[in-house]
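S.K.: Quick note, the sequences are listed as chains L and V, same order.
Residue 836 in my numbering is what sits at position 180 of the first sequence, and the numbering runs on without skipping anything.
Residue 772 in my numbering is what sits at position 116 of the second sequence, and the numbering runs on without skipping anything.
Number of protein chains: 2
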Amino acid sequence: MNYSNPSKQLSIKQNRILRFVENFINTNAYPPTVRDIQFGCEISSTSVVDYNLRILTQKGHIRRSPDVSRGIGLAGNKEGFPRNMIPLLGFVAAGEPLTLPSSEGLTKEDAYDQVELPTAMLSGIRLRGTTDLYALRVRGHSMIDALVDDGDLVVIQPTTSVNDGEMAVAWLREENEATLKRIYNEGSVIRLQPANVQMAPLFVSPENLEIQGRVVAVLRTIV
Amino acid sequence: MNYSNPSKQLSIKQNRILRFVENFINTNAYPPTVRDIQFGCEISSTSVVDYNLRILTQKGHIRRSPDVSRGIGLAGNKEGFPRNMIPLLGFVAAGEPLTLPSSEGLTKEDAYDQVELPTAMLSGIRLRGTTDLYALRVRGHSMIDALVDDGDLVVIQPTTSVNDGEMAVAWLREENEATLKRIYNEGSVIRLQPANVQMAPLFVSPENLEIQGRVVAVLRTIV
DNA sequence: TTTAATGTAGTACAAATGTTCTATTCACTG
DNA sequence: CAGTGAATAGAACATTTGTACTACATTAAA
Numbered sequence: 657m658n659y660s661n662p663s664k665q666l667s668i669k670q671n672r673i674l675r676f677v678e679n680f681i682n683t684n685a686y687p688p689t690v691r692d693i694q695f696g697c698e699i700s701s702t703s704v705v706d707y708n709l710r711i712l713t714q715k716g717h718i719r720r721s722p723d724v725s726r727g728i729g730l731a732g733n734k735e736g737f738p739r740n741m742i743p744l745l746g747f748v749a750a751g752e753p754l755t756l757p758s759s760e761g762l763t764k765e766d767a768y769d770q771v772e773l774p775t776a777m778l779s780g781i782r783l784r785g786t787t788d789l790y791a792l793r794v795r796g797h798s799m800i801d802a803l804v805d806d807g808d809l810v811v812i813q814p815t816t817s818v819n820d821g822e823m824a825v826a827w828l829r830e831e832n833e834a835t836l837k838r839i840y841n842e843g844s845v846i847r848l849q850p851a852n853v854q855m856a857p858l859f860v861s862p863e864n865l866e867i868q869g870r871v872v873a874v875l876r877t878i879v
Numbered sequence: 657m658n659y660s661n662p663s664k665q666l667s668i669k670q671n672r673i674l675r676f677v678e679n680f681i682n683t684n685a686y687p688p689t690v691r692d693i694q695f696g697c698e699i700s701s702t703s704v705v706d707y708n709l710r711i712l713t714q715k716g717h718i719r720r721s722p723d724v725s726r727g728i729g730l731a732g733n734k735e736g737f738p739r740n741m742i743p744l745l746g747f748v749a750a751g752e753p754l755t756l757p758s759s760e761g762l763t764k765e766d767a768y769d770q771v772e773l774p775t776a777m778l779s780g781i782r783l784r785g786t787t788d789l790y791a792l793r794v795r796g797h798s799m800i801d802a803l804v805d806d807g808d809l810v811v812i813q814p815t816t817s818v819n820d821g822e823m824a825v826a827w828l829r830e831e832n833e834a835t836l837k838r839i840y841n842e843g844s845v846i847r848l849q850p851a852n853v854q855m856a857p858l859f860v861s862p863e864n865l866e867i868q869g870r871v872v873a874v875l876r877t878i879v
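And the structure:
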């Protein structure tokens with residue numbers, strides 16, 4: 657128990673309840689009842705659930721509608737709906753170090769922001785792997801050969817190797833720059849092929865290239 | 657009343673109930689009860705609501721969880737949550753006629769499909785106007801100078817004129833082709849500027865150009 | 001005209017659900 | 001050690017909510 661804790665830090669039981677509510681809403685498209693939470697979190701009585709829900713409300717994690725069945729809502733998401741959010745870690749530009757996930761893996765706390773992906777886009781990406789996704793905002797026109805413009809959002813699936821023809825976000829050690837290119841392993845050299853097929857490829861030695869992730873989507877809002 | 661109607665066509669009352677359920681979920685982040693629907697749709701008894709809900713379930717518009725409070729879900733959206741859907745009207749390719757909304761304006765029935773947009777993207781676009789949005793899928797590499805690849809989704813805001821510098825989807829009458837370009841009115845000619853700033857512009861006469869809409873977003877999933 | 005199908009209407013009941021009350025336990029503080 | 005606040009626990013009650021039943025009205029089909 658965390659006695660006399662006026663902060664927003666939650667007890668183990670409160671965290672468990674919050675996760676249960678989020679998962680329940682994702683699974684069922686409606687919120688749980690107090691008894692759903694009681695059974696799902698193995699709590700002995702409805703008044704313990706009610707007591708913890710009151711604290712979660714005070715701490716701004718959930719909203720409740722009094723005397724309404726299933727009147728429990730998440731406070732974190734706009735309008736209370738679960739959305740397909742991934743972390744926006746920062747920026748990518750040619751001459752700047754790549755923003756990478758920490759070694760502990762991606763957490764919401766590491767992110768500069770959160771961005772939402774369409775459900776079909778996320779489903780399509782997830783068919784190809786279960787690693788965490790993250791997003792980077794493009795700075796500058798240096799990625800234009802990748803058909804990526806200044807301000808675009810690129811969605812990255814972390815990996816240190818890609819299959820031939822896949823588009824990667826990679827660091828060029830000698831040039832000291834980030835790049836987005838389709839990667840072809842041609843024995844002694846690596847061919848970096850721009851997505852714009854009208855542009856000439858680059859050839860680099862394998863030691864010069866450090867692949868950070870696979871580019872799986874691009875989102876562009878045009879001003 | 658629509659007697660002996662085995663199709664998915666709905667009665668006026670059923671349409672009203674379906675709209676009410678959608679609006680209620682949008683507003684409250686949880687589904688309505690039978691009595692919420694009764695009061696909201698000015699129906700005299702809970703059994704009329706229950707009867708119509710059963711028909712809406714049979715016709716595939718909603719899902720119900722029996723003996724569960726607020727066990728009503730929308731069937732149209734994945735997992736039953738409201739999403740930011742716009743119609744996908746068809747395709748755009750250089751040498752093919754543009755797929756355009758019908759003169760009655762956009763309706764869900766006209767669409768080839770529906771696609772989802774992220775909430776922030778939609779909010780950003782809607783700051784610039786309230787016209788209906790639609791999407792077109794790009795076929796071929798002819799839009800590559802617009803930094804748009806084969807298979808990309810472009811989001812269009814219908815308009816017959818754009819401000820200088822805005823990207824438009826337009827029909828070139830003499831060339832008989834669709835194009836995506838930034839548009840600059842230079843007096844006697846129109847300059848069509850590719851989004852790829854490394855490429856040369858085109859100049860056409862104003863009579864040759866028919867603007868269909870403003871391109872407001874691009875979404876690309878990379879295989 | 002009769003029958004059948006569809007839709008409406010009210011009421012009642014059973015189950016689901018939220019909240020309250022009382023008692024107890026635990027951990028911290030003076 | 002006693003007091004206090006936090007948290008747990010069980011039971012009960014009140015309200016909310018879904019569904020069933022019966023009866024009637026309207027429309028379409030035979």
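Beta carbons: idealized from backbone N, C-alpha and C, even for Gly.
On a predicted model such as this, the values are computed, not experimentally measured, just so you know.
Along the chain, which unbroken stretches of the alpha helix (DSSP H) at least 4 residues long are found entirely within the stretch 765 to 816 of chain V?
M.R.: Listed in chain order, the complete alpha helix (DSSP H) runs (minimum 4 residues) inside the stretch 765 to 816 of chain V are 775 to 782.
S.K.: List the DSSP bridge partners of Pro743/L.
M.R.: The residue you call residue 743/L lines up with position 87 of the first sequence. According to DSSP, Pro743/L bridges with Gln770/L.
S.K.: Tell me which same chain residues have a C-beta within less than 6 Å of the C-beta of Glu880/L, skipping the five on either side of it?
M.R.: For residue 880/L there is no data in the structure shown, the boundaries of chain L being 657 and 879.
S.K.: Give me whichever residues DSSP pairs with Lys837/L in a beta bridge.
M.R.: Your numbering for residue 837/L matches position 181 in the first sequence. Ala824/L.
S.K.: Any idea what DSSP makes of Leu730/L, helix, strand or coil?
M.R.: Translated into positions along the first sequence, residue 730/L becomes position 74. Correct three-state label for Leu730/L: strand.
S.K.: Note down the Cα distance separating Glu698/V from Ala685/L, rounded to an integer number of angstroms.
M.R.: As a working note, residue 698/V is residue 42 in the second sequence. As a working note, residue 685/L is residue 29 in the first sequence. Spanning the two alpha carbons is a distance of roughly 26 Å.
S.K.: Is there a Cβ from chain V that is less than 8 Å from the Cβ of Thr877/L?
M.R.: Here residue 877/L is taken as the residue at index 221 of the first sequence, counted from 1. Yes - at least one Cβ of chain V is within 8 Å of the one on Thr877/L.
S.K.: Under 7 Å between beta-carbons, which chain L residues line up against Gly780/V? List them in chain order, please.
M.R.: In the second sequence, residue 780/V corresponds to position 124, counting from 1. Under the 7 Å cutoff, chain L gives Thr877.
S.K.: Looking at the secondary structure, which residues open and close the alpha helix (DSSP H) in which Glu866/V lies?
M.R.: As a first step, residue 866/V must be located in the second sequence, where it is residue number 210. Careful: Glu866/V lies outside any alpha helix (DSSP H), inside the beta strand (DSSP E) at 865 to 877.
S.K.: What is the DSSP secondary structure of Leu674/V, counted as helix, strand or coil?
M.R.: Here residue 674/V refers to the residue found at position 18 of the second sequence. Note: Leu674/V maps to helix in three-state DSSP.
S.K.: Taking contact to mean at least 3 C-beta pairs separated by less than 8 Å, is the stretch 787 to 804 of chain L in contact with the stretch 841 to 858 of chain V?
M.R.: A contact exists between the stretch 787 to 804 of chain L and the stretch 841 to 858 of chain V.
S.K.: Which same chain residues, not among the five before or five after Val845/L, have their C-beta less than 8 Å away from its C-beta?
M.R.: Position 189 of the first sequence holds residue 845/L. Cβ neighbours of Val845/L beyond the five flanking positions: Phe859, Val860, Ser861, Pro862.
S.K.: Relative to the alpha-carbon of Leu744/V, which residue among Arg719/V, Leu789/V, Tyr840/V, Met777/V has its alpha-carbon at the smallest distance?
M.R.: Within the second sequence, the letter at position 88 stands for residue 744/V. Leu744/V has its Cα closest to that of Leu789/V, out of Arg719/V, Leu789/V, Tyr840/V, Met777/V.
S.K.: Does the stretch 711 to 721 of chain L come close enough to the stretch 663 to 677 of chain L to have 3 or more Cβ pairs within less than 8 Å?
M.R.: Contact holds: three or more Cβ-Cβ distances are below 8 Å.
S.K.: Nearest CA to the CA of Asp769/V: which residue from Leu778/V, Arg782/V, Lys669/V, Phe747/V?
M.R.: On the second sequence, residue 769/V is found 113 positions in, with the first residue counted as 1. Ranking the options by Cα distance to Asp769/V, first place goes to Phe747/V.
S.K.: Between Gln665/V, Ile668/V, Ile693/V, which lies nearest to Glu678/V when the distance is taken from Cα to Cα?
M.R.: Position 22 of the second sequence, counted from the first residue, corresponds to residue 678/V. Per the Cα distances, Ile693/V.
S.K.: So Asn841/V contacts chain L; which residues on that side make the cut at Cβ distance below 8 Å?
M.R.: For the purposes of this step, residue 841/V is identified with residue 185 of the second sequence, where counting begins at 1. Near Asn841/V there are no residues of chain L at all, since even the closest Cβ is about 19 Å away, more than 8 Å.
S.K.: What is the rounded straight-line gap between the Cα of Tyr840/L and the Cα of Val871/L?
M.R.: Against the first sequence, residue 840/L aligns to sequence position 184. Against the first sequence, residue 871/L aligns to sequence position 215. So the alpha carbons of these two residues sit roughly 15 Å apart.
S.K.: Taking a cut of 9 Å between CB atoms, which residues from the stretch 713 to 732 of chain L lie near chain V?
M.R.: Against chain V - using a Cβ distance shorter than 9 Å - the residues of the stretch 713 to 732 of chain L are Arg719, Ser721, Val724, Ser725, Arg726, Gly727, Ile728, Gly729, Leu730.
S.K.: By the criterion of Cβ-Cβ separation under 7 Å, what are the contact partners of Tyr790/L in chain V?
M.R.: The residue given as residue 790/L occupies position 134 in the first sequence. In chain order: nothing, as chain V lies at least about 15 Å away.
S.K.: Work out the CA separation of Leu709/V and Ile742/L for me, nearest whole Å.
M.R.: On the first sequence, position 86 is the one that residue 742/L refers to. On the second sequence, position 53 is the one that residue 709/V refers to. Taking the straight line joining both Cα atoms gives about 36 Å.
S.K.: Contact defined as beta carbons within less than 8 Å: I believe Ala791/L pairs with Leu778/L. What is the distance between those atoms, to the nearest angstrom?
M.R.: Numbered from its first residue, the first sequence carries residue 791/L at position 135. Numbered from its first residue, the first sequence carries residue 778/L at position 122. No, Ala791/L and Leu778/L are not in contact; Cβ-Cβ is about 12 Å, not under 8 Å.
S.K.: Can you tell me which residues form a DSSP beta bridge with Val704/L?
M.R.: Residue mapping note: residue 704/L aligns to position 48 of the first sequence, counting from 1. Answer is none; Val704/L lacks a bridge partner.
S.K.: With respect to the beta strand (DSSP E) encompassing Gln849/V, which residues constitute its N-terminal and C-terminal limits?
M.R.: Walking along the second sequence from the start, residue 849/V turns up at place 193. From DSSP, the beta strand (DSSP E) with Gln849/V extends over 845 to 849.
S.K.: Show which residues of chain V have a CB atom less than 8 Å away from the CB atom of Gln854/L.
M.R.: Along the first sequence, read from residue 1 onward, the residue named residue 854/L stands at position 198. Residues of chain V passing the Cβ test: Ile800.
S.K.: Do Ser725/V and Arg726/L have their C-beta atoms within less than 8 Å of each other?
M.R.: The count along the second sequence starts at 1 and reaches residue 725/V at position 69. The count along the first sequence starts at 1 and reaches residue 726/L at position 70. In contact: Ser725/V and Arg726/L (Cβ atoms closer than 8 Å).
S.K.: Going along the chain, which residues of its own chain have a beta-carbon closer than 7 Å to the beta-carbon of Asp706/V, five neighbours each way excluded?
M.R.: Mapped onto the second sequence, residue 706/V falls at position 50. Answer for Asp706/V: Val690, listed in chain order.
S.K.: Rounded to the nearest angstrom, what separates Gly806/V and Pro774/V at their Cα positions?
M.R.: Your numbering for residue 806/V matches position 150 in the second sequence. Your numbering for residue 774/V matches position 118 in the second sequence. The amino acid occupying residue 806/V in the given sequence is Asp; Gly does not appear at that position. Approximately 21 Å, taken between the alpha carbons.
S.K.: Does any residue of chain L have a CB that is nearer than 8 Å to the CB of Phe680/V?
M.R.: For this step, residue 680/V is matched to residue 24 along the second sequence. False, the Cβ-Cβ gap to chain L never drops below 8 Å.
S.K.: Taking Glu866/L as the reference, give the member of Leu828/L, Val874/L, Ser701/L, Arg876/L with the closest Cα.
M.R.: Taking the first sequence and counting its residues from 1, one reaches residue 866/L at position 210. Of Leu828/L, Val874/L, Ser701/L, Arg876/L, the residue nearest in Cα terms is Leu828/L.
S.K.: Does the Cβ of Glu842/V have 16 or more other Cβ atoms within 10 Å, making it buried, or fewer, making it exposed?
M.R.: To locate residue 842/V, count along the second sequence from 1; it is residue 186. Exposed, since its Cβ has fewer than 16 Cβ neighbours within 10 Å.
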